[in-house]
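**Q** The structure that follows is given in the form of C-alpha cells.
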Amino acid sequence: MLIHRFKSKIHRAVVTQADLNYMGSITIDEDLIDAADMQEGERVQIVNNNNGERLETYIIKGERGSGVICLNGAAARRVQVGDVLIIISYAWMTREEAKAFRPTVVFPEEGNKLPA
Numbered sequence: 209m210l211i212h213r214f215k216s217k218i219h220r221a222v223v224t225q226a227d228l229n230y231m232g233s234i235t236i237d238e239d240l241i242d243a244a245d246m247q248e249g250e251r252v253q254i255v256n257n258n259n260g261e262r263l264e265t266y267i268i269k270g271e272r273g274s275g276v277i278c279l280n281g282a283a284a285r286r287v288q289v290g291d292v293l294i295i296i297s298y299a300w301m302t303r304e305e306a307k308a309f310r311p312t313v314v315f316p317e318e319g320n321k322l323p324a
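Numbering-wise, this note's numbering comes out as the position in the sequence shown, counting from 1, plus 208.
Structure (C-alpha cells):
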C-alpha cells in the first residue's frame, strides 16, 4: 500500500507577481525549487496565509536568484502581491519509506532569498 505524504515545502514565501493572462501555474525562483527538493512541473498545493485560499497547480522555474513567486492564470485571482504563501509538495511512498522519510522545509528570508 502507498500513502500520500508531505514531501517538502517553502514556508512563508511572499507573492511578487500575479499574471492573470498566463496559461497557469506558479513561477518559483529556481534557487527555492532546488532548496525545497522540488522540480519544474511538479504538482504543489498553495496555501495563502492572508486569505485562507488553497489551490493546486504545478511549478514553472523562475529566474535563479530573482526571488520570484508568481501565480499565473486563474490562480492569480486568488492572491495579491505581498501575500504570504506556503507551497507544499507531496509524494507517494510505502509505509516503510514513510517511517524513515524526513521532509525538506525551506524558510525564505526577505525578498524570498535563501538564508545565508
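We put the beta carbon where it would ideally sit given N, CA and C, even for glycine. Keep in mind that this is a model prediction, so the values were computed, not measured.
(1) Out of T265, I294, L279, state which residue places its alpha-carbon closest to the alpha-carbon of A244.
(2) Round the Cβ separation of T265 and A284 to the nearest angstrom and send it over; I've been treating them as touching at under 8 angstroms.
(3) Which whole-angstrom value is the C-beta distance of T224 and I277, which I expect to be below 8 angstroms?
(4) The alpha helix (DSSP H) spanning A308 covers which residue range?
(5) Report the three-state DSSP secondary structure of N320 (helix, strand or coil).
(6) Residue ranges of each beta strand (DSSP E) run of no fewer than 3 residues wholly in the segment 227-311, ordered along the chain?
(7) Using the Cβ count rule (16 or more neighbours within 10 Å means buried), how would you classify N320?
(8) What are the boundary residues of the beta strand (DSSP E) that F327 is part of?
(9) Apart from the five residues on each side of it in sequence, which residues of its chain come closer than 6 angstroms, Cβ to Cβ, to Y230?
(10) Measuring alpha carbon to alpha carbon, tell me which residue in P316, N257, V292 is nearest G275.
(11) Does DSSP put V222 in a helix, in a strand, or in coil?
(12) In terms of DSSP beta bridges, what is K217 paired with?
**A** On the basis of the coordinates in this document:
(1) Closest option to A244, Cα to Cα, is I294.
(2) With a Cβ gap of about 11 angstroms, T265 and A284 do not count as contacting.
(3) Taking C-beta atoms under 8 angstroms as the contact rule, T224 and I277 qualify, at a distance of about 5 angstroms.
(4) A308 -> alpha helix (DSSP H) spans 303-308.
(5) The answer is helix: DSSP assigns N320 an H, G or I state.
(6) Taking only runs of at least 3 residues, the beta strand (DSSP E) segments lying wholly in the segment 227-311 are 233-237, 251-256, 262-270, 277-280, 292-302.
(7) Around the beta carbon of N320, 16 or more other beta carbons lie within 10 angstroms, which makes this residue buried.
(8) Given that the chain is displayed from residue 209 to residue 324, the structure contains no residue 327 and the question cannot be resolved.
(9) Close CB contacts of Y230 within its chain, under the 6 angstroms cut and outside five residues either way in sequence, are with N280, G281 (chain order).
(10) Considering only alpha carbons, the answer is P316.
(11) Strand at V222.
(12) DSSP lists I296, V313 as the bridge partner or partners of K217.
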